[in-house]
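To start, the structure under review is shown below, and the notes come after it.
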Amino acid sequence: MCSIMGRLDGKIIVLSAAAQGIGRAAAIAFASEGARVIATDINESKLKELQQYQGITTRVVDVTKREQIEALAKEIEKIDVLFNVAGFVHHGTVLDCEEKDWDFTMSLNVRSMYLMIKAFLPKMLAQKSGNIINMASVASSIKGVVNRCVYSTSKAAVIGLTKSVAADFIEQGIRCNCVCPGTVDTPSLRERIQARPDPEQALKDFLTRQRTGRMATVEEVAHLCVYLASDESAYMTGNEVILDGGWCL
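Just so we're aligned: 35 in this note's numbering is position 30 of the sequence shown, and the numbers increase by one with no gaps anywhere.
Below you can see the structure in the form of structure tokens.
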């Protein structure tokens, strides 16, 4: 009796922010398609829940700390896919954004990806193959969104980083794409809604801007991530892949 092959059979995938939301859904989806997944996050208790899934191992890593990333990279001999998910959403205009908000957002949303890529790309170059996926957003250079000043700035930078890496290393067998979702129903979104002065109205506002009348699920984003991580997308690099339920229409 032959076993059914997974779309990611034998691939070694490292990802950040795997404890909840899109990262968690992607880790589970990758593993279910046969990948060996190294799931990282700073939230140790939530991260541990992933250990029940075959093919997933976990590491507590703060992706804003270069030493921790380099220690992880030393542990991992081979890597096929690096998925940079970690990010933070600041609410407000440029006038509501203090320097500390700007610095924290840029550190987590952009610098962490730079550090991860810098640590793992040499391994990919040595094996003459590798695939990097970065989490960006429609709220970026793609679309101006109210009260998302520093977040959108950081995600526009992620798109620029993605295209730069893709252009620089295309001839060495490296691919780099980014995922640009619209509004996704995640635990962090629910927390942000609850933090608004009128959570009920905040939820209505989020739903009103969705042309489809609903937000994306984390599983829907994970399906796209599986495609980008697989050889099915082998001819794709340097792209910002939009998954926004028609928000940009």
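Glycine included, C-beta positions come from ideal geometry on N, C-alpha and C.
Look up A221 in the DSSP assignment and give the residues it is bridged to. In the sequence shown, residue 221 corresponds to position 216, counting from 1. For A221, which the question treats as bridged, DSSP gives the partners V189.
Straight-line Cα distance separating I164 from L229: Taking the first residue of the sequence shown as position 1, residue 229 is located at position 224. Taking the first residue of the sequence shown as position 1, residue 164 is located at position 159. One C-alpha to the other measures close to 17 Å.
From E38 to E225, what distance separates their C-alpha atoms? For the purposes of this step, residue 38 is taken as residue 33 along the sequence shown, with counting starting at 1. For the purposes of this step, residue 225 is taken as residue 220 along the sequence shown, with counting starting at 1. Each residue's alpha carbon lies about 15 Å from the other.
May I have a chain-ordered list of the alpha helix (DSSP H) segments no shorter than 4 residues that lie completely inside the segment 97-171? 104-111, 117-131
Going by beta carbon distance, what residues of the same chain come within less than 8 Å of S21, once the five residues before and after it are set aside? The residue you call residue 21 lines up with position 16 of the sequence shown. Excluding sequence neighbours, S21 sits near G28, T45, D46, V66, V68, F88, N89, V90, A91, S117, M121.
Environment of K16 [buried if 16+ CB atoms lie within 10 Å]: If you number the sequence shown from 1, residue 16 lands on position 11. Buried is the call here.
Extent of the continuous beta strand (DSSP E) run through F36: The sequence position of residue 36 within the sequence shown is 31, counting from 1. Sequence check: residue 36 is Ala here, not Phe. Looking at the DSSP string, A36 is not in any beta strand (DSSP E); the run it does join, the alpha helix (DSSP H), is 26-37.
To the nearest angstrom, how far is the alpha carbon of Q59 from that of A36? Taking the first residue of the sequence shown as position 1, residue 59 is located at position 54. Taking the first residue of the sequence shown as position 1, residue 36 is located at position 31. Straight-line Cα distance between these residues: approximately 7 Å.
Span separating the alpha-carbon of G11 from that of N136: On the sequence shown, position 6 is the one that residue 11 refers to. On the sequence shown, position 131 is the one that residue 136 refers to. Roughly 18 Å between the two C-alpha positions.
So which of A34, A24, I74, S159 has the shortest CA-CA distance to A227? Residue numbering aside, residue 227 sits at position 222 when the sequence shown is read from its first letter. Looking at the Cα atoms, A34 is the closest of the given residues.
DSSP three-state label for T213, please. Walking along the sequence shown from the start, residue 213 turns up at place 208. Looking at T213 - three-state DSSP - the assignment turns out to be helix.
Compute the Euclidean distance between the alpha carbons of T217 and G250, then round it to the nearest angstrom. As a first step, residue 217 is located in the sequence shown; it is residue number 212 there, counting from the start. As a first step, residue 250 is located in the sequence shown; it is residue number 245 there, counting from the start. Taking the straight line from one Cα to the other gives about 6 Å.
Just the C-alpha distance for Q206 and T213, rounded to the nearest angstrom, thanks. Translated into the one-based positions of the sequence shown, residue 206 becomes position 201. Translated into the one-based positions of the sequence shown, residue 213 becomes position 208. Taking the straight line from one Cα to the other gives about 10 Å.
Give the secondary structure of Q73 by DSSP, where H, G and I count as helix, E and B as strand, and everything else as coil. As a position in the sequence shown, residue 73 is number 68, starting the count at 1. Secondary structure at Q73: helix, using DSSP grouped into helix, strand and coil.
Determine which residues share a DSSP beta bridge with N89 and list them. The count along the sequence shown starts at 1 and reaches residue 89 at position 84. In the DSSP output, where bridge partners are listed per residue, N89 has N139.
Hey, could you find the ends of the alpha helix (DSSP H) L248 is sitting in? As a first step, residue 248 is located in the sequence shown; it is residue number 243 there, counting from the start. First-last for L248: 245-248, but that is the beta strand (DSSP E), not the alpha helix (DSSP H).
Hey, is the segment 47-54 in contact with the segment 99-115, meaning 3+ C-beta pairs nearer than 8 Å? no
Might you give, ordered along the chain, the residues of its own chain that have their beta carbon closer than 8 Å to the beta carbon of P202, omitting 5 neighbours on each side? Locating residue 202 in the sequence shown gives position 197, where the first residue counts as 1. Closer than 8 Å at the Cβ level, and outside the excluded window around P202, lies no residue.
Minimum C-alpha distance to T242 - residue among W252, A171, L254: For this step, residue 242 is matched to residue 237 along the sequence shown. The shortest C-alpha separation from T242 is found at A171.
With distance defined between alpha-carbon atoms, name the residue in P127, P192, Q199 nearest to A86. If you number the sequence shown from 1, residue 86 lands on position 81. A small fix is needed here, since residue 86 is Val in this sequence, not Ala. Checked all of P127, P192, Q199; the closest Cα to V86 is P127.
From E196, G149, Y156, N244, residue whose alpha carbon lies closest to that of I175: Taking the first residue of the sequence shown as position 1, residue 175 is located at position 170. With distances taken between Cα atoms, I175 lies closest to N244.
Under 7 Å Cβ to Cβ from I74, same chain only, skipping five residues before and after it: list those, please. Walking along the sequence shown from the start, residue 74 turns up at place 69. Once the five neighbours on either side are set aside, the close Cβ partners of I74 are V66, V68, L120, M121, A124.
Using DSSP bridges, identify the partner residues of N263. In the structure displayed, the chain extends from 6 to 254; residue 263 sits before or after that span and is not available.
Taking the alpha carbon of D236 as the point to measure from, which residue in A40, A23, A30 has its own alpha carbon closest? Residue mapping note: residue 236 aligns to position 231 of the sequence shown, counting from 1. Shortest Cα-Cα distance from D236 to any of A40, A23, A30 involves A40.
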